[in-house]
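Trainee:
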Amino acid sequence: MAFRRLSLTRLVLFLVVILILLAVNLLMRKHCDCYEIDQMALKIQGLKQQIGVQEEQLKQRRKQSDDDVEEDNLSWGPHKLAVIVPFRERFEELMEFVPFMHKFFNMQKVRHHIYIVNQMDNFRFNRAALINIGFLQSKETCDYMVMHDVDLLPRNRDLSYHYDKIAKGPHHIAAPEIHPRYHYKTFIGGILMLKREHYLENRILRSQTRQTVPDIFSEVDPEGFTVKQLPDKVV
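Each step along the sequence shown adds one to the number in full-length UniProt numbering, with nothing skipped, and position 203 is 203.
1. Which residue from Glu92, Glu56, Leu74 and Gln45 puts its Cα closest to that of Leu152?
2. Would you kindly check if the distance between the Cβ of His148 and the Cβ of Ile191 is under 7 Å?
3. Sort out for me which residues DSSP pairs residue 246 with in a bridge.
4. List the whole-angstrom C-beta distance separating Tyr163 from His79, where the pair is believed to meet the contact cut-off of C-beta under 8 Å.
5. Would you give the residue range spanned by the alpha helix (DSSP H) that Lys139 belongs to?
6. Quick one, which of His198, Asp72, Lys59 and Glu55 has its alpha-carbon nearest Thr141's?
7. In the DSSP output, which residue or residues are listed as bridge partners for Leu81?
8. Taking the straight line between their C-alpha atoms, what separation do you get for Ala128 and Arg157?
9. Where do the N-terminal and C-terminal ends of the beta strand (DSSP E) with Ile191 fall, by residue?
10. Mapping DSSP to helix, strand and coil, what is His171?
11. For Phe87, which residues from the same chain have a beta carbon less than 8 Å from its beta carbon, with the 5 sequence-adjacent residues on both sides left out?
12. In this structure, how does DSSP classify Ser160 when only helix, strand and coil are distinguished?
13. Indicate whether Ile114 and Val83 have their beta-carbon atoms separated by less than 7 Å.
14. Grouping DSSP H, G and I as helix and E and B as strand, with all else coil, what is Gly134?
15. Quick one: what does DSSP say residue 278 is sitting in, helix, strand or coil?
16. Residues in the same chain with beta-carbon distance under 7 Å from Lys165, minus the five sequence neighbours each way, listed in chain order, please.
17. Answer yes or no: do Leu81 and Tyr144 have a C-beta to C-beta separation smaller than 7 Å?
18. For Asn126, which of Val85, Val98 and Ser138 has the nearest alpha-carbon?
19. I need the straight-line Cα distance from His112 to Val98, nearest angstrom please.
20. Quick test of your reading: Phe105 and Tyr161, contact by CB under 8 Å. State the CB separation rounded to the nearest angstrom.
21. Would you kindly work out how many angstroms separate the C-alpha atoms of Glu56 and Gly134, rounded to a whole number?
22. In whole angstroms, what is the alpha-carbon distance linking Gln45 and Arg155?
Put into structure tokens, the structure is as follows:
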């Protein structure tokens, strides 16, 4: 009997120890779970802060983007520029040209609208016809225009696209000596700015032409007006 009681006592003690160990284990697990939850909460809080910072940055970018979108602010003056770009298959240059020029005009407070006139057929590139189309599309809303190659961007911030530059006649912005292809003296292509009246009165480009017209000097009436060229390299 004594042996039996002793064994029973040991068994009870053993069970008590097991219960204590289980209780400690449960407490440790609960503590561990609480610690993990705390860490998770800290991470979530950190993510919320990061999201808040990113949202603020996004708001600033949207505000800046909204400022850039403006193209027809009446407080900039009564004149509006039609930017006519003859185009075909030069998409990489176009993707750079439009936002760059849009921002450039906004910086100068020049009211403007950019017309990308795309030739979709496989015939020889007809720059003259494309410019004529751009003029017809823009003549009701714009009182002056610039014929602008898509691969030419102004480097000089002081280069002006304002209406006063064409008060006495067309203004040639792309100088022949820096144009990548055409370097002869009579070249006035690339970037040429003029009034709507200049275009109509002098019939600068013949719509019936079926070829590229990089040089329109021969089609400008020399008695009607003179073409000003920039003396220094500003493109």
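Where a beta carbon is used, it is the ideal one built from N, C-alpha and C, also for glycine.
Mentor: Straight from the coordinates:
1. In the sequence shown, counting from the first residue as 1, residue 152 sits at position 152. Checking every option, the nearest Cα to that of Leu152 belongs to Glu92.
2. Sequence index remark: in the sequence shown, residue 191 carries index 191 (1-based). Sequence index remark: in the sequence shown, residue 148 carries index 148 (1-based). Yes, they are a contact pair.
3. Given that the chain is displayed from residue 1 to residue 235, the structure contains no residue 246 and the question cannot be resolved.
4. Your numbering for residue 163 matches position 163 in the sequence shown. Your numbering for residue 79 matches position 79 in the sequence shown. Going by Cβ atoms, the distance from Tyr163 to His79 rounds to 4 Å, so yes, they are a contact pair.
5. Stepping through the sequence shown from its first residue, residue 139 is reached at position 139. Run containing Lys139: none; DSSP gives neither H nor E here.
6. Your numbering for residue 141 matches position 141 in the sequence shown. When each option's Cα is compared against that of Thr141, the closest is Asp72.
7. As a position in the sequence shown, residue 81 is number 81, starting the count at 1. The partner list for Leu81 (beta bridge, DSSP) reads His112 and Tyr144.
8. Along the sequence shown, read from residue 1 onward, the residue named residue 128 stands at position 128. Along the sequence shown, read from residue 1 onward, the residue named residue 157 stands at position 157. Their backbone Cα atoms lie some 29 Å apart in a straight line.
9. As a working note, residue 191 is residue 191 in the sequence shown. Counting along the chain, the beta strand (DSSP E) containing Ile191 begins and ends at Ile191 to Lys195.
10. Position 171 of the sequence shown, counting from 1, holds the residue named residue 171. Correct three-state label for His171: strand.
11. Numbered from its first residue, the sequence shown carries residue 87 at position 87. The residues are Leu94, Ile116, Val117, Asn118, Gln119, Leu130 and Val150.
12. Locating residue 160 in the sequence shown gives position 160, where the first residue counts as 1. Looking at Ser160 - three-state DSSP - the assignment turns out to be coil, as it is neither helix nor strand.
13. As a position in the sequence shown, residue 114 is number 114, starting the count at 1. As a position in the sequence shown, residue 83 is number 83, starting the count at 1. Yes, they are a contact pair.
14. What you label residue 134 is simply residue 134 of the sequence shown in a count that begins at 1. Helix, per DSSP.
15. Residue 278 lies beyond the residue range present for the chain, which begins at 1 and ends at 235; the question has no answer from this structure.
16. Position 165 of the sequence shown, counting from 1, holds the residue named residue 165. Answer for Lys165: His171 and Met193, listed in chain order.
17. Residue 81 sits at position 81 when you count from the first residue of the sequence shown. Residue 144 sits at position 144 when you count from the first residue of the sequence shown. Yes, the Cβ-Cβ distance between Leu81 and Tyr144 is below 7 Å.
18. Looking up residue 126 in the sequence shown gives position 126. Checking every option, the nearest Cα to that of Asn126 belongs to Val85.
19. For the purposes of this step, residue 112 is taken as the residue at position 112 of the sequence shown. For the purposes of this step, residue 98 is taken as the residue at position 98 of the sequence shown. Spanning the two alpha carbons is a distance of roughly 12 Å.
20. For this step, residue 105 is matched to residue 105 along the sequence shown. For this step, residue 161 is matched to residue 161 along the sequence shown. Going by Cβ atoms, the distance from Phe105 to Tyr161 rounds to 6 Å, so yes, they are a contact pair.
21. Position 56 of the sequence shown, counted from the start, is the residue given in the question as residue 56. Position 134 of the sequence shown, counted from the start, is the residue given in the question as residue 134. Going from the Cα of Glu56 to the Cα of Gly134 covers about 40 Å.
22. Here residue 45 refers to the residue found at position 45 when the sequence shown is read from its first residue. Here residue 155 refers to the residue found at position 155 when the sequence shown is read from its first residue. So the two alpha carbons sit approximately 46 Å from each other.
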